[in-house]
Amino acid sequence: MSSLQTLQNRIRPRALLFMLLLVGAATYFEFVYAGPPTLYSIVLWIIVVPMLLAAAVKDVRSHPLYQPLMYGGFIAIGTLQYLDGEWYLLAGLFVLCGIGGLVAEFRNKNSSTHSG
38 MSSLQTLQNR IRPRALLFML LLVGAATYFE FVYAGPPTLY SIVLWIIVVP MLLAAAVKDV
98 RSHPLYQPLM YGGFIAIGTL QYLDGEWYLL AGLFVLCGIG GLVAEFRNKN SSTHSG
């Protein structure tokens, strides 16, 4: 079976519809209603939308790169929020949570490889 067919079998239709509606509404608000977007907003959107759409795929969390990429995404989101000049406390929280998650993830991977 090709990887595209397995992806089609793993997509949850209701979750995908909800995420598409959420992304559509948020895109309208961010880029049309709130005024012209900044470069940071566009890059942030490029990072956030795939993270949201990944939630509509079954068993995506079992992939070995899922958690490190999510935590890296948190760090990128926090950095972009900080550079955009808004929500400094939230930006710091994203960065700290991302770093803490990456440290915990690498610690878990190292302890599982050394224990056996």
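Per the working numbering, residue 38 is the first one in the sequence shown, and the count goes up by one each step. The C-beta atom is built at its ideal place from N, Cα and C for all residues, glycine as well. Please read all numbers here as calculations on a predicted model, not as lab measurements.
- Taking the C-beta atoms as reference points, Val132 is found nearer than 8 Å to Ile112.
- Using a 10 angstroms sphere on the CB of Gly135, the tally of other CB atoms reaches 16 or more, which defines it as buried.
- If you draw a 10 Å sphere on the C-beta of Gln118, you find 16 or more other C-beta atoms in it, and that means buried.
- Sequence-distant Cβ neighbours of Leu81 in its own chain, meaning closer than 6 Å and more than five residues away, are Leu117.
- The Cβ-Cβ distance between Gly61 and Ile84 does not fall below 8 Å.
- Minimum Cα-Cα distance from Arg49 among the listed residues Gly122, Lys146, Leu90, Ile114 corresponds to Leu90.
- DSSP links Ile48 through a beta bridge to Val94.
- Within 10 angstroms of the beta-carbon of Gly122 lie fewer than 16 other beta-carbons, which makes it exposed.
- Leaving aside the five residues that flank Val97 on each side, the residues in its chain whose CB is nearer than 7 Å to its CB run, in chain order, Ala91, Tyr103.
- For the options Ala128, Ala93, Pro73, Ser78, the alpha carbon positioned closest to that of Leu59 is the one of Ala93.
- Judged by DSSP in its simplified three-state form, Thr75 adopts coil rather than helix or strand.
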